[in-house]
Amino acid sequence: MTKRFMLLLLLFIAACSTTPEPTPDISAFVTGTITAKETATARTAPTLNAPDDDSVFDNIAAVKLAWSWVRPLADDEVYDLRVWADGADHNGIARTPDNHFDLTNYLLDRKPGKYHWTVTVVKKDSPGGPDDQLADLPPDRSFTLSKFAMNIMDLPAGFESKLYAHLPITQPTVVTFDSNGAMVVLSLDGHIVKMTDNDHDGYAETSTMLFEDPGDKVNYAVGLAYHDGKTYISDAGRISILTDSDKDGKLDSIQPIVQGLPTWKHTFHSNNGIAFGPDNKLYVGVGATTDHGPIQDQYEASILRMNPDGSDLEVFATGFRNPYDLVFSPKGELFTADNSPDEPDDTLAYLPPEELDFVQQGKNYGFPYVFGVAGAVGDYTGPVNDYYTSSASSGITYYSADQFPPAYRNGIFLAQFGTGAAFPKQMALQNGQMVIFDTLTADGKGGYTGKWQPFAKFRTDLGVYNPIDVTVGPDGALYVVEWNTTTVYRITYTGTPSSEATPESIAESTPEATDNLVAQGEAIFHNGTNGAPPCITCHVLDKGITGVGPSLLGINDVAASRVAGLSAEAYVRQSILHPNDFIVPGYIAGVMYQGFANQLQSSDVDALVAYVLSLKK
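Quick note: the sequence shown uses this note's numbering, first residue 1021, plus one each step.
In structure tokens:
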């Protein structure tokens, strides 16, 4: 790729970089110093540690290789990984400085069967032949992929997801269906591919490139729409129509209809998703030129509207930081999700929530002055719902089909790419990386309120996954695009409609609150442990001082009334392990430290729960 933005792609969507990939624990296999004996035996073969020989996998995403060697690599050395199908020749697939490797992308282009693997050490710039090897090859290990499947998300009971396509493009941004019912996917660099399931086995095995950006003219393409037989694309600073000038079935000409929209004045903020409304007008979301103000351009931080030829461009609604995608309901009502600021300073003392907005003409939704439901004051219009800060809400769709049960109809499905900006990550925020569902309930005032719940949680124990877009297919299934693996998943309902989802149940397993247990919890509350900060940083115990977080004094008396069906103990435990699940009115999601579940031992959590419940007013 030659485009300038590709140098920064890891910051994609409101500076959304991703967290390091989970890897096998191989610390026990790596030595920290080089001894004379180790130097003398440098050709010692690496040790293959995982998986066990002859392992069988039914999930591509679960195949992770790990190995170790007698010493750390020198700066000019790398591991040379070889993987090959049974009966084939050795095949070097990667050179890496790491002693682990995720085989997902390799296996996505392969078939089920038996595979072998081994690893050696070579100089970075060497051809890799036998004479270049700095270590002997260990005897190879084998594993079997029993079926071609990618199981990387958890869904509500009755739903199932299946891998539908592995895309021949990188950095997919939009998935949609054309007027003939064919799946079409746009990439960040402007390539458009059609995916077809010709043998009707549930997997789109055939790809057809529709647009390959001749002349390398497209940058940061994140919007695609069809209207009156024409293909519209939104990329950095402009809206264009793509045409097939020589009638060969491929799009080869680009005609801008609007240019000069604010783009890249703030990282990755530009004109975004596009959609046609019931009024035959084209709508586009445009991000702000700053993280949280001030407004500097007449078209920034807004939803714009224009005729299909680009004429009569106007601001339809304003007050958005980065409205990434747009969707119209069957009733012609417009919705967008807005990304939250992520660079607090002396003009913004906290990380505000993200929003779902019901967009109406002439209204102002608050940016850069107010945020979230709490910002619905004066002339500012509040959102349908708040979402966790720094979730990087991206692709949006409205579900009105009947393949899903009634509880999941006539509402919003939203892909949340996941936390990536620097400051939220310093706070150990790990929001998003899932598709959520938000119900819509008329508020009697011409607007809506919402109630959201996780729908498709990506399994971060298996890898780094970032859903970027979601849409409803002609078959009523939900299709989700994952950014890193460039895969598409088809979600269907196969069960019996069940009752409304309830908050995740938390086992009340805290041991009896002995004096010793409470004392242990008090120490953690005041001092932190295992790298986790002390709770008292935000939850002060002085009745006369208001802290960043709500007071916990007397929490045992009030917690049980906050969430129906949860005891005080379950509520406190859930709040420690999943801080954003229950937000006390008047406080902001995403402020509390998010890393307790990963850093606290179960005994630490038991102790902390016991201490918090012991606090009296």
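Where a beta carbon is used, it is the ideal one built from N, C-alpha and C, also for glycine. Since the model is a prediction, treat every value here as computed from it, not as a measurement.
Determine, using beta carbons only, whether residue i and residue j come nearer to each other than 8 Å.
{"i": "D1358", "j": "D1377", "result": "yes"}
{"i": "T1309", "j": "K1285", "result": "yes"}
{"i": "D1100", "j": "V1142", "result": "yes"}
{"i": "K1167", "j": "P1132", "result": "yes"}
{"i": "T1507", "j": "A1185", "result": "yes"}
{"i": "A1369", "j": "S1181", "result": "no"}
{"i": "A1630", "j": "V1560", "result": "no"}
{"i": "N1200", "j": "A1081", "result": "no"}
{"i": "V1592", "j": "A1579", "result": "yes"}
{"i": "L1620", "j": "A1543", "result": "no"}
{"i": "L1157", "j": "H1120", "result": "no"}
{"i": "T1461", "j": "Q1450", "result": "no"}
{"i": "F1424", "j": "P1487", "result": "no"}
{"i": "L1434", "j": "G1541", "result": "no"}
{"i": "P1361", "j": "D1317", "result": "no"}
{"i": "L1244", "j": "T1196", "result": "yes"}
Looking at the secondary structure, which residues open and close the beta strand (DSSP E) in which residue i lies?
{"i": "D1624", "result": "Premise fails: D1624 lies in the alpha helix (DSSP H), S1622 to S1634, not in any beta strand (DSSP E)."}
{"i": "R1161", "result": "R1161 to L1165"}
{"i": "N1292", "result": "N1291 to F1296"}
{"i": "A1427", "result": "Counting along the chain, A1427 falls outside any beta strand (DSSP E), and DSSP gives it neither H nor E."}
{"i": "G1515", "result": "Note, G1515: premise wrong, no beta strand (DSSP E); not H, not E."}
{"i": "L1182", "result": "Sequence inspection shows Lys at residue 1182; the Leu mentioned does not correspond to that position. Start and end: F1179 to H1186."}
{"i": "K1267", "result": "No beta strand (DSSP E) contains K1267, which DSSP labels as neither H nor E."}
{"i": "P1343", "result": "P1343 to F1348"}
{"i": "D1100", "result": "E1097 to A1105"}
{"i": "R1115", "result": "G1112 to T1116"}
{"i": "E1232", "result": "Looking at the DSSP string, E1232 is not in any beta strand (DSSP E), and its letter there is neither H nor E."}
{"i": "M1215", "result": "I1212 to T1216"}
{"i": "S1413", "result": "S1413 to Y1419"}
{"i": "Q1556", "result": "Correcting the residue identity first, residue 1556 is Ile in this sequence and not Gln. Segment: none, I1556 is in no beta strand (DSSP E) and carries neither H nor E."}
If we ignore side chains and look at the alpha-carbon of each, how far apart do residue i and residue j end up?
{"i": "Y1408", "j": "D1458", "result": "13 Å"}
{"i": "T1043", "j": "A1070", "result": "Here the model assigns T1043 a pLDDT of 41, short of 50, so the residue's position is not dependable and the matter cannot be decided."}
{"i": "M1203", "j": "T1251", "result": "14 Å"}
{"i": "L1482", "j": "S1331", "result": "48 Å"}
{"i": "T1491", "j": "I1416", "result": "7 Å"}
{"i": "T1228", "j": "D1217", "result": "12 Å"}
{"i": "S1581", "j": "G1392", "result": "24 Å"}
{"i": "F1443", "j": "T1190", "result": "27 Å"}
{"i": "G1235", "j": "I1253", "result": "16 Å"}
{"i": "G1467", "j": "A1337", "result": "15 Å"}
{"i": "N1239", "j": "L1154", "result": "43 Å"}
{"i": "Y1419", "j": "L1230", "result": "27 Å"}
{"i": "D1624", "j": "Y1613", "result": "16 Å"}
{"i": "V1397", "j": "E1353", "result": "23 Å"}
{"i": "Y1499", "j": "G1402", "result": "29 Å"}
{"i": "V1205", "j": "K1214", "result": "6 Å"}
{"i": "P1314", "j": "L1208", "result": "28 Å"}
{"i": "S1273", "j": "Y1246", "result": "16 Å"}
{"i": "N1291", "j": "M1326", "result": "13 Å"}
{"i": "H1546", "j": "V1404", "result": "38 Å"}
{"i": "R1161", "j": "D1152", "result": "22 Å"}
{"i": "A1533", "j": "D1399", "result": "51 Å"}
{"i": "A1527", "j": "K1237", "result": "Confidence at A1527 is low in this model, with a pLDDT of 38, below 50, so its placement is unreliable and the value that follows should be read with caution. Those two C-alpha atoms are separated by around 56 Å."}
{"i": "S1413", "j": "V1583", "result": "26 Å"}
{"i": "P1605", "j": "G1515", "result": "36 Å"}
{"i": "N1600", "j": "I1456", "result": "14 Å"}
{"i": "H1136", "j": "A1588", "result": "53 Å"}
{"i": "V1103", "j": "A1114", "result": "9 Å"}
Starting from residue i, trace the alpha helix (DSSP H) in both directions and tell me its first and last residue.
{"i": "K1445", "result": "A1442 to Q1446"}
{"i": "V1090", "result": "Per DSSP, V1090 belongs to no alpha helix (DSSP H) and is neither H nor E."}
{"i": "D1535", "result": "D1535 to N1547"}
{"i": "T1124", "result": "T1124 to L1127"}
{"i": "D1577", "result": "I1575 to V1578"}
{"i": "V1591", "result": "The displayed chain sequence assigns Tyr, not Val, to residue 1591. Run containing Y1591: A1588 to L1597, per the alpha helix (DSSP H) assignment."}
Considering only DSSP beta bridges, list what residue i is partnered with.
{"i": "K1477", "result": "D1174 and M1454"}
{"i": "D1377", "result": "T1356"}
{"i": "P1276", "result": "S1260"}
{"i": "P978", "result": "Not covered by the structure: residue 978. The range shown for the chain is 1021 to 1637."}
{"i": "G1305", "result": "I1323"}
{"i": "H1136", "result": "W1104 and S1162"}
{"i": "A1070", "result": "A1086"}
Report the CB separation of residue i from residue j in whole angstroms; it is logged as a contact under 8 Å.
{"i": "T1067", "j": "W1087", "result": "6 Å"}
{"i": "S1355", "j": "I1432", "result": "Sequence inspection shows Phe at residue 1355; the Ser mentioned does not correspond to that position. Correct: roughly 6 Å between the Cβ atoms."}
{"i": "L1123", "j": "V1083", "result": "4 Å"}
{"i": "A1448", "j": "G1615", "result": "4 Å"}
Is it the case that the CB of residue i approaches a heavy atom of the ligand PLP more closely than 7 Å?
{"i": "Y1246", "result": "With respect to small molecules bound, the structure shown includes none, and the ligand PLP cannot be examined in it."}
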